[in-house]
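According to our numbering, the sequence shown is numbered sequentially starting from -15. Using N, Cα and C, we set each Cβ at its ideal position, and we do this for glycine too. These numbers come from a predicted model, not from an experiment. Report on the structure given below.
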Amino acid sequence: MKQYLYRLFAKPINKFFFILLIASAGFTACRKEPGFHVDFPPFLYSADVIDKWMTLEIRIYKDATGIGNGAFARPFAYSGISAYESIDPGLLSWRHKYNGLSDLPETEKSKKYYWPASVNASLAEFNRSFFTSANLNAADLAAIDSLENAISSTFSGEHPDVLSRSVAFGKSIADAIFAWSLTDSYIQNNALPYTPPVGPGLWIPTSPPPALPAGPFWGNDRRIIANSGDNDAPGSPIPYSTDPTSDFYKEVNDLYQASKVLTTDQKNMALFWRDVPGVSTPGHWMSITQQAIRQSKSRLDKAALAYALTGICLNDAVITVFHYKYVYNQVRPVTYIRGIIGDATWASFIPTPNHPEYPAAHAVISASAAEGLTAVFGNIGPLTDHTWDYLGFPARTFNTFREFALDAGNSRFYGGIHYQPSINTGLKVGTTVGDNVVNSLSRFSKEDN
-15 MKQYLYRLFA
-5 KPINKFFFIL
5 LIASAGFTAC
15 RKEPGFHVDF
25 PPFLYSADVI
35 DKWMTLEIRI
45 YKDATGIGNG
55 AFARPFAYSG
65 ISAYESIDPG
75 LLSWRHKYNG
85 LSDLPETEKS
95 KKYYWPASVN
105 ASLAEFNRSF
115 FTSANLNAAD
125 LAAIDSLENA
135 ISSTFSGEHP
145 DVLSRSVAFG
155 KSIADAIFAW
165 SLTDSYIQNN
175 ALPYTPPVGP
185 GLWIPTSPPP
195 ALPAGPFWGN
205 DRRIIANSGD
215 NDAPGSPIPY
225 STDPTSDFYK
235 EVNDLYQASK
245 VLTTDQKNMA
255 LFWRDVPGVS
265 TPGHWMSITQ
275 QAIRQSKSRL
285 DKAALAYALT
295 GICLNDAVIT
305 VFHYKYVYNQ
315 VRPVTYIRGI
325 IGDATWASFI
335 PTPNHPEYPA
345 AHAVISASAA
355 EGLTAVFGNI
365 GPLTDHTWDY
375 LGFPARTFNT
385 FREFALDAGN
395 SRFYGGIHYQ
405 PSINTGLKVG
415 TTVGDNVVNS
425 LSRFSKEDN
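In structure tokens form, the structure reads like this:
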């Protein structure tokens, strides 16, 4: 079932078939409402409007303050949903699949809409609602309005009534999605105080006060897809031990010994997937999504699908991994190596995040995103990731999105911040979450519920 999305969207619809579809629609007195307005379907339009908004979002989300690395999955997910639902997917809408969302505005079936205008208005409205001067600077806030106006200026050839109707619809979708996002409990959960438990083998914060533990209650956030966490439990990690003959000591020592002889490629891998400071881990995966959209020359419908589906996979994977991190509270390598192995000056190659070790977040998040992207694009490769060209990092090329995810996960071992078993487990957990999301959304009509 998880290949359903790929089969549906991987190839353009045959033009001759489309002409026949329009003709048959005109001679059919009674027909079931198609996936979109049959005379002006979204695949007739380029993905340029989504490409421009993704470029801006990746930039301004990088600049935003007061939002944790993993938490950037939220705005990407809700923004992607706003884009997807604002192209009037009709029976292809996920409106009856979203967790806690009862309904969304609908189009007038007998009226014409210009979908690029709907998407443009929707993404501008959502970003204006999500960001304020409290977490974004004035220049970036102004950039939202500026991009909306610049894109709108290219629609001058469309009828004013059509544009007005399309803009109103896009904004109404964004307003509904934003209101729904406020009820996912993230804001409340992120404000709760947390005191880490103390004991042998338990995580000790790696960032001193006043830095707070990252995301101790994110695992309680509402998922976008209710059953995305089904069967996602990683199981207990290797039991903690200080015995040099134990499995736990061995997994830490494997990392410790590897850290002393890192190759250039291993260092490049660790730095390439470091992501912070930078575009954030969700932002890196949205950049990969944007590059896949460009390479596949996707149209507006497929671009919106990829944007939304990847964002949902990221969001729900973050909820999964941070839930289990604070269930197990496993100690980080730097604490064990300094305190038990006895190298008091050892430091990880990249900074250790301020949250527990197990399971590896990059592995979970990346594997989940890879499942969403595979459902949309199949095995797209070779795809070269140029996210970090501006920093001078060597680009990395892979044939499948799952290879990207494997690279991202393993990078944390060479970065010195995750044990290999935690990475292996994280990849399996992330794949489960991504599969759950894809399988839940692989059939779209209300009748499927």
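Can you tell me which of V421, N211, W372 puts its alpha carbon nearest to the alpha carbon of W269? W372
Proximal residues to L176 (C-beta, below 8 Å), its chain only, five neighbours per side dropped: Around L176: P200, F201.
Where R278 sits in the DSSP three-state scheme: The DSSP-derived three-state label of R278 is helix.
For Y320, tell me which candidate among F115, T304, K234, A287 has the shortest Cα-Cα distance. K234
From A123, S102, Q274, pick the residue whose C-alpha is nearest to that of S136; which is it? Nearest Cα to S136 within the set A123, S102, Q274: S102.
From G414 to A347, what does the alpha carbon distance come to, in whole angstroms? So the alpha carbons of these two residues sit roughly 7 Å apart.
I need the straight-line Cα distance from N119 to G52, nearest angstrom please. Spanning the alpha carbons of N119 and G52 requires a straight line of approximately 12 Å.
Is the distance from the Cβ of V318 to the Cβ of W330 below 8 Å? yes
Taking 8 Å as the cut-off, decide whether the C-beta atoms of E355 and C297 are in contact. yes
According to DSSP, is F24 part of a helix, a strand, or is it coil? coil
Expected contact under 8 Å - CB spacing of P378 and N252 to nearest Å: 6 Å
4 or more residues per run - each alpha helix (DSSP H) lying fully within the region 92 to 149: 99 to 114, 122 to 136
Touching or not, the region 238 to 258 and the region 395 to 409, by the rule of three or more beta carbon pairs under 8 Å? yes
Give the straight-line distance between the Cα atoms of Y170 and S113, rounded to the nearest whole angstrom. About 16 Å.
Three-state secondary structure (DSSP) of S435: Outside the shown range of the chain, which is -15 to 433, sits residue 435, and nothing can be said about it.
Leaving out five residues before and five after A7 in sequence, what residues of the same chain have Cβ atoms less than 8 Å from its Cβ? Reliability fails at A7, whose pLDDT of 35 lies under 50, so the model's placement of it is uncertain and the value that follows must be treated cautiously. None.
Would you say T273 and T294 are within 8 Å of each other, going by their C-beta atoms? yes
Taking all protein chains shown into account, decide if D249 is buried (16 or more other Cβ within 10 angstroms of its Cβ) or exposed. The Cβ neighbour count for D249, taken over all protein chains shown within 10 Å, is under 16; the residue is labelled exposed.
Have a look at E132 and F27 and give me their C-alpha separation to the nearest angstrom. 21 Å
Residue range of the unbroken alpha helix (DSSP H) whose run includes L411: 404 to 425
Taking only the alpha-carbon atoms, compute the straight-line gap between I(-3) and D419 and give it to the nearest angstrom. Any reading at I(-3) must be qualified, since the residue scores a pLDDT of 43, below 50, and its modelled position is unreliable; the value itself is stated next. Spanning the two alpha carbons is a distance of roughly 26 Å.
Roughly how many angstroms separate the alpha carbons of P365 and S282, rounded to a whole number? The amino acid occupying residue 365 in the given sequence is Gly; Pro does not appear at that position. Going by C-alpha positions, G365 is about 15 Å away from S282.
Neighbourhood of I128 by C-beta, 8 Å cutoff - its chain only, sequence neighbours within 5 removed: L40, I44, A108, N111, R112, F115
Taking 8 Å as the cut-off, decide whether the C-beta atoms of S63 and L284 are in contact. no
Residues near G262 in its chain [Cβ-Cβ closer than 6 Å; skip 5 each side]: none
CB-CB under 7 Å to P184, same chain, minus the five flanking residues each way: which ones, in chain order? Y224
Coil, strand or helix - D434 by DSSP: Outside the displayed span of the chain (-15 to 433) sits residue 434, for which this structure offers no information.
Checking the sheet assignment: what are the DSSP bridge partners for R380? Beta-bridge pairing links R380 to D369.
Kindly list the residues whose CB is nearer than 6 Å to the CB of F306, restricted to its own chain and excluding five residues on each side of it in sequence; keep chain order. The beta carbon of F306 sits closer than 6 Å to the beta carbons of G199, W202, G203 from its chain, once the five residues preceding and following it are set aside; these are given in chain order.
Quick check on DSSP: helix, strand or coil for R207? Looking at R207 - three-state DSSP - the assignment turns out to be coil, as it is neither helix nor strand.
Buried versus exposed call for T409 [16 or more other C-beta atoms within 10 Å across all chains shown]: buried
Do the region 140 to 153 and the region 86 to 106 make contact, defined as three or more Cβ pairs closer than 8 Å? Three or more beta-carbon pairs separated by less than 8 Å link the region 140 to 153 to the region 86 to 106, which places the two stretches in contact.
Report buried or exposed for E69, applying the criterion of at least 16 other Cβ atoms within 10 angstroms of its Cβ. Buried.
Tell whether a beta-carbon distance below 8 Å holds between T265 and G50. Not in contact: T265 and G50 (Cβ atoms no closer than 8 Å).
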